[in-house]
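Protein chains in written order, with our numbering: chain G, 1 to 347; chain P, 1001 to 1650. The beta-carbon is built from N, C-alpha and C at its ideal position, and this holds for glycine as well. None of these values were measured; they are calculated from a predicted model.
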Amino acid sequence: MTRAGSLRPRLITLSCAILFAISAGGCTQLANPSAPQSTVFPGSDWGRMIQDLYGLIFWMAVVVFVGVEGFLLYTVIRFRRRREGEAVSQTHGNTLLEVAWTVVPSIVLLMIAVPTISTIFIGDMPPPVTTNPVRVTVIGHQWWWEFRYPDLGVVTANELHLPAGRTATIEVTSADVIHSFWVPKMGGKVDAIPTRINTMWFTPDAAAVGEHFGQCAEFCGLQHANMRMRLFVDTAANFDAWVQQQRAPASAAAAGDAQQGAELFQRSACITCHTIKGTNAQGTIGPDLTHVGSRTTIAAGMIDNTPENLAHWIRDPQGVKVGNKMVLPQVSESDARLFAAYLQSLR
Amino acid sequence: MATATARAAPRAGILARPVAPMGIWSWLTTIDHKRIGILYELTAFIFFLIGGLEALLMRSQLVQPDNTLLGPGQYNALFTMHGTTMIFLVVMPLSAAFFNYIVPLQIGARDVAFPRLNAFSYWVFLSGGVLMNLGFLIGAVPDMGWFAYSPLTSSQFSPSVGVDFWVVGLQVLGVASLAAAFNFLVTIIQMRAPGLSFMRMPLFTWTTFVTSILIVLAFPVIAVALIELMFDRLFGSTFFNVTPAAAGAAAAGGDPILWQHLFWVFAHPEVYILILPAMGIVSEVVPVFSRKPLFGYPFMVYAVVSIAFLSFTVWAHHMFTTGLSAIAMSFFAASTMLIAVPTGIKIFNWISTLYGGSIALKAPAMFALGFIAMFTIGGLSGVMHASPPVDTQQQDTYFVVAHLHYVLFGGSIFALFAGIYYWWPKITGRLLGDGLGQLQFWLMFIGFNLTFGPMHFLGVDGMPRRVYTYSPGMGWELWNVVATIGAFVIGVSVLVFIFNAFKSLRTGERAGDDPWDGMTLEWTIPSPPPHYNFVEIPTVAGRNPLWLQKHPELAGRHVPGADPIATDTGHSGSEGSGAESHDGHHAVHVPDPSYWPLFAGAGIFVAGFGVLLSAGGNLSLLAVTGVGLFIVIVSIFGWSLEPVNEPVQA
């Protein structure tokens, strides 16, 4: 019995091809541009280089996917058993075919390997634009981020500010276990490894001004999920203003709740772990709080920085984020309100 | 069952060899490769249910943002144990089950080369699996991830003994794997039937052979790494520790990246240890259900060997974000991409085997086809993160979770189910219901794609893996709901399988010797096979000997006149004593069961348990380890000194 003349296989092929084309095309639409941590809507030069490479490999993969799966489906439908005991021609192989499907994929892979390797070397070289770069040292801690700007004298935590259009060189290390610094909008991740410093660079686009999400991308223990960060890409003027503000010592609390909170703070155990520049608080275990009031979130990007959340955090840090290193004696509700008022005033 | 004929040189061992044919002791002391295969299969299946339950709990936690079903510690323990369980206690032993049951049958042997070592492998595997899971009983479950990155595993950052359970459990499992691998290497090299040259071996036997080589080369690396980690934790050595012992003390000087190198030098070949047997199974099922011999057999063999070789050259692609040099990254990117070539050759040859065939879409074939389709997707996403810059966006996101499940679930698990449906009738004598099999396949196929397909999107949208929670507004809600629904559909499909299995055992259709019109030697003997397998060792005159025998008209270029399967009557009597066997066939020599593999395995369990007791800080409890090792040594002596068969009592 010959099957080749029938119309059905061709219809099957056609419908398979359409199905695959739709599903493959759909894939690109499924990336969610409003996802704050999306990896495929880059906002920096380095991020774009990665995305271009990914786009190339992705579309090649789509072609191979449609071809292989389509051919598989076609073969299975076309050659499905129609009656028992069908005689089947016993082919054993074809050397020419074997050579073909060794050589053709090799060529396809070469088309991926060449731009891959050139991108690797670009990423490994010094940044292309070296005028006026911003240097940042990123130190991973269980479970928060310390950001130091050695040339600017700024130390902050969990919220990184970078100016648009200036290349940032990021030096990543860790104070304890391995973490990974990752703000997808800017590019790939870099591991934070104790005793080692890994560097990366990227230049935020002018169009990327705004808030971007990032988080630790290497499992680092109990609260890995809540080791998050924010990146604020600022205009040049806003960045300079931010730097001026951050360099200043803590503003003296004027009066009222904030001032009472300041007195409480200086007498509390808080000062053994936290630094507030210009005060007795010079601890280095926890985040620098000199300008904590200017941050949008607390507990490493976990909750919004509001007076209520801050007071709650101070009363029950282990309830908010179990396992974190902040262990302190029970604070009364009124004292927590005073602490929060003080910390909120540190802008 | 004992025979009346006196055996040569009756000599008693320390313990009499047990001879009961049935009952619990016959299973505990069995050295029959088929029974050991069944034990592996059952044990691995129980671990499969445990690992699956762990997955369902994780998916339930992630179904909505800020969920509080599980705490961070519980979630971290679950993903650590899920990964460890599925790799070491499910896919590896399920493959080992088929190595055990099927390989001797495919090569025309009566057992493996070292039957007692084989039993020992199983008992040590069981010990390791139990030690690994023992932490659940005392609430100290490993929670540092299956990759156990240093320095998170140091006693400073992981003071719980959970890590020690993992270290000891994995070390013991390695002993089991190594013993089994050596056994299968010797079996395949030495015990092939006359005429069954290497290039006539069934592909599943080939993949068993190559997988065994990978185990022999890869497991010593993790053994060394685990000993170093154990020393760091127990005795304060500094292989990986970087943090000073006390404030102000000198840095410990260890290197956490050393652990990553050692771990991945082992763990990447391990990935192929998990997938090659699956490829072997698919290479058996596809030809039989297409009624065509495997297309491009020699190329399929070369591809398996090349994949195995390349698997040792790609480990650092797990480390593209650790700060490797550009040269190193380029090398590992290129070597990783290169693996796609032999993998592609396999996929094209499977499809070409199907092409022009008469494809029976029975359950084993459905799972094998599912394997080809899903493994292709996993392979393509693998090529994406072979590119280091791209990988820096994908590593440690759900994109990688999707990729690895398309390879290890869509790949290995689908193929293992193909193997279960294919060889079940040989093992039990009854067929699994095909209707229920189709139902299970479609449920599993749909559930699988619902679960892991959306994880590609989650990864692209930036969701990291190994997070117990996430905030609303990240754009991850929808796909997490879909993935959780899919996971429960997979759960239902497994229940369908269990029902099918019980139904088959009670009322399943009798299979006969050769229910699928098979091609290889295992289908020439009864189902289930007698415990000596072959009455007479066959002589093989070609690939797919049974197929050639049944369909000489299809033989094509096959040597005319040669009988594809001859029996060599002189061969089978050459070993043993010439005793009459149970059903009248002459000279079927099978050694008696033995207590010693069980005792040696128990000794290793006690030794491992001693390490765990002392992990609490009291090193004098290492004496328990001494006791365990003493049991092992005594067992080895008893083992060496016992006769092949228990001398027959007067």
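Nonlocal neighbours in the same chain, by C-beta distance under 7 Å from Ile1604(P), ignoring five residues either side: In the second sequence, counting from the first residue as 1, residue 1604(P) sits at position 604. Here the set comprises Val1124, Ser1127, Val1172, Val1175, Gly1628 and Val1632.
Strictly under 7 Å for the Cβ-Cβ distance: is Asn158(G) near chain P by that measure? By 1-based counting over the first sequence, the position of residue 158(G) is 158. Chain P, which has no Cβ nearer than 7 Å to the Cβ of Asn158(G), makes this no.
Against Val177(G), what residues of chain P qualify as contacts under a CB-to-CB distance less than 7 Å, listed in chain order? As a first step, residue 177(G) must be located in the first sequence, where it is residue number 177. The contacting residues are Pro1151, Leu1152 and Phe1157.
Of all the alpha helix (DSSP H) runs that stay within the bounds of the segment 83 to 130 of chain G, which reach a length of 4 or more residues? 95 to 124
Any beta-carbon of chain P closer than 7 Å to the one on Gly93(G)? Locating residue 93(G) in the first sequence gives position 93, counting from the first residue. Yes, Gly93(G) counts as interfacial toward chain P.
What's the gap between the Cα of Pro1021(P) and the Cα of Leu1505(P)? Within the second sequence, the letter at position 21 stands for residue 1021(P). Within the second sequence, the letter at position 505 stands for residue 1505(P). Distance between the alpha carbons of Pro1021(P) and Leu1505(P) is about 20 Å.
Inter-residue spacing [alpha-carbon to alpha-carbon] between Gly1083(P) and Trp145(G): One-based indexing of the second sequence puts residue 1083(P) at position 83. One-based indexing of the first sequence puts residue 145(G) at position 145. Straight-line Cα distance between these residues: approximately 28 Å.
Candidates Trp1516(P), Phe1289(P) and Pro1072(P), of which the one nearest Val76(G) by Cα: Locating residue 76(G) in the first sequence gives position 76, where the first residue counts as 1. Nearest option by C-alpha distance: Phe1289(P).
Beta carbon of Ala1303(P), beta carbon of Pro1342(P): below 7 Å? Position 303 of the second sequence, counted from the first residue, corresponds to residue 1303(P). Position 342 of the second sequence, counted from the first residue, corresponds to residue 1342(P). In this structure, Pro1342(P) lies closer than 7 Å to Ala1303(P) by Cβ.
Reduced DSSP secondary structure (H/G/I, E/B, other) of Phe181(G): Here residue 181(G) refers to the residue found at position 181 of the first sequence. Three-state result, Phe181(G): strand.
If we ignore side chains and look at the alpha-carbon of each, how far apart do Asn1651(P) and Pro1072(P) end up? There is no way to answer for residue 1651(P), as the model of chain P reaches only from 1001 to 1650.
Taking the C-alpha atoms as reference points, what is the distance between Thr119(G) and Asp52(G)? Counted from its first residue, the first sequence places residue 119(G) at position 119. Counted from its first residue, the first sequence places residue 52(G) at position 52. Each residue's Cα considered, the two are about 10 Å apart.
So is Ile1321(P) buried or exposed if we call it buried at 16+ other beta carbons inside 10 Å? In the second sequence, residue 1321(P) corresponds to position 321, counting from 1. One point to set straight first is that residue 1321(P) is Thr, not Ile, in the sequence displayed. Under this definition Thr1321(P) is a buried residue.
Just the C-alpha distance for Phe232(G) and Leu162(G), rounded to the nearest angstrom, thanks. Position 232 of the first sequence, counted from the first residue, corresponds to residue 232(G). Position 162 of the first sequence, counted from the first residue, corresponds to residue 162(G). Whole-angstrom Cα-Cα distance: 6 Å.
Can you find a C-beta in chain P that's less than 7 Å from the C-beta of Asp191(G)? For the purposes of this step, residue 191(G) is taken as the residue at position 191 of the first sequence. Interface residue, yes.
Select from the segment 1416 to 1431 of chain P all residues with a C-beta closer than 9 Å to any C-beta belonging to chain G, and list them in chain order. none
Does Val68(G) get closer than 7 Å to chain P when you measure Cβ to Cβ? Locating residue 68(G) in the first sequence gives position 68, counting from the first residue. Yes, its Cβ sits closer than 7 Å to a Cβ of chain P.
Three-state secondary structure assigned by DSSP to Asn324(G): Translated into positions along the first sequence, residue 324(G) becomes position 324. DSSP places Asn324(G) in coil when its eight states are reduced to three.
According to a CB-to-CB cut-off of less than 9 Å, which residues of the segment 1057 to 1079 of chain P neighbour chain G? Gly1071, Pro1072, Gly1073, Tyr1075, Asn1076 and Phe1079
Does the ligand NAD have a heavy atom nearer than 6 Å to the CB of Ile1031(P)? By its list of ligands, the structure shown contains no ligand whatsoever, and the ligand NAD lies outside what it can speak to.
For Val154(G), three-class secondary structure by DSSP: Stepping through the first sequence from its first residue, residue 154(G) is reached at position 154. Note: Val154(G) maps to strand in three-state DSSP.
My understanding is that Ile170(G) touches Thr130(G), with C-beta atoms under 8 Å, so please give their C-beta distance in whole angstroms. Here residue 170(G) is taken as the residue at index 170 of the first sequence, counted from 1. Here residue 130(G) is taken as the residue at index 130 of the first sequence, counted from 1. In fact, because the Cβ distance is near 15 Å, the residues do not count as touching under 8 Å.
Taking 6 Å as the limit between beta carbons, can you name the residues of its chain near Gln37(G), skipping five residues before and five after? In the first sequence, the residue the question calls residue 37(G) occupies position 37. Taken in chain order, the residues that qualify are Pro184 and Phe213.
Report the rounded CA-to-CA distance for His1403(P) versus His1385(P), giving the unit in angstroms. Reading the second sequence from its first residue, position 403 is the one you call residue 1403(P). Reading the second sequence from its first residue, position 385 is the one you call residue 1385(P). So the two alpha carbons sit approximately 9 Å from each other.
Between the C-alpha atoms of Arg1233(P) and Met1279(P), what's the straight-line distance to the nearest angstrom? Here residue 1233(P) refers to the residue found at position 233 when the second sequence is read from its first residue. Here residue 1279(P) refers to the residue found at position 279 when the second sequence is read from its first residue. Rounded to whole angstroms, Arg1233(P) to Met1279(P) spans 39 Å at the Cα level.
Can you check DSSP and say which residues form a bridge with Met200(G)? Translated into the one-based positions of the first sequence, residue 200(G) becomes position 200. DSSP output for Met200(G) lists Ile170(G) as bridge partner(s).
What's the gap between the Cα of Ser1168(P) and the Cα of Gly1608(P)? Within the second sequence, numbered from 1, the residue matching residue 1168(P) stands at position 168. Within the second sequence, numbered from 1, the residue matching residue 1608(P) stands at position 608. Here the sequence assigns Val to residue 1168(P), which means Ser is not the residue at that position. Each residue's alpha carbon lies about 6 Å from the other.
What does the alpha-carbon distance come out to for the pair Pro127(G) and Asp151(G)? For the purposes of this step, residue 127(G) is taken as residue 127 along the first sequence, with counting starting at 1. For the purposes of this step, residue 151(G) is taken as residue 151 along the first sequence, with counting starting at 1. Going by the C-alpha atoms only, they are around 18 Å apart.
Look at the alpha carbon of Leu1369(P) and the alpha carbon of Val1091(P), and state the distance between them as a whole number of angstroms. As a working note, residue 1369(P) is residue 369 in the second sequence. As a working note, residue 1091(P) is residue 91 in the second sequence. Using only the alpha carbons, I get a separation of about 19 Å.
With 8 Å as the C-beta to C-beta threshold (strictly closer), list the residues of the segment 1615 to 1649 of chain P near chain G in chain order. none
State the DSSP-derived secondary structure class of Phe232(G), mapped to helix, strand or coil. Walking along the first sequence from the start, residue 232(G) turns up at place 232. Note: Phe232(G) maps to strand in three-state DSSP.
Looking at chain G, is there any beta carbon in it that lies within less than 7 Å of the beta carbon of Lys1550(P)? Here residue 1550(P) refers to the residue found at position 550 when the second sequence is read from its first residue. False, the Cβ-Cβ gap to chain G never drops below 7 Å.
Would Glu333(G) count as contacting chain P if we go by Cβ distances under 7 Å? By one-based count along the first sequence, residue 333(G) stands at place 333. Not an interface residue.
Going by the beta-carbon positions, is the gap between Leu1546(P) and Trp1523(P) smaller than 7 Å? As a working mapping, residue 1546(P) is identified with position 546 in the second sequence. As a working mapping, residue 1523(P) is identified with position 523 in the second sequence. Yes, the pair counts as a contact, with Cβ atoms nearer than the cut-off.
Closer than 7 Å, CB to CB, is Thr1205(P) near chain G or not? As a first step, residue 1205(P) is located in the second sequence; it is residue number 205 there, counting from the start. Closer than 7 Å: no.
Strictly under 7 Å for the Cβ-Cβ distance: is Gly286(G) near chain P by that measure? Translated into positions along the first sequence, residue 286(G) becomes position 286. Output row for Gly286(G): interface = no.
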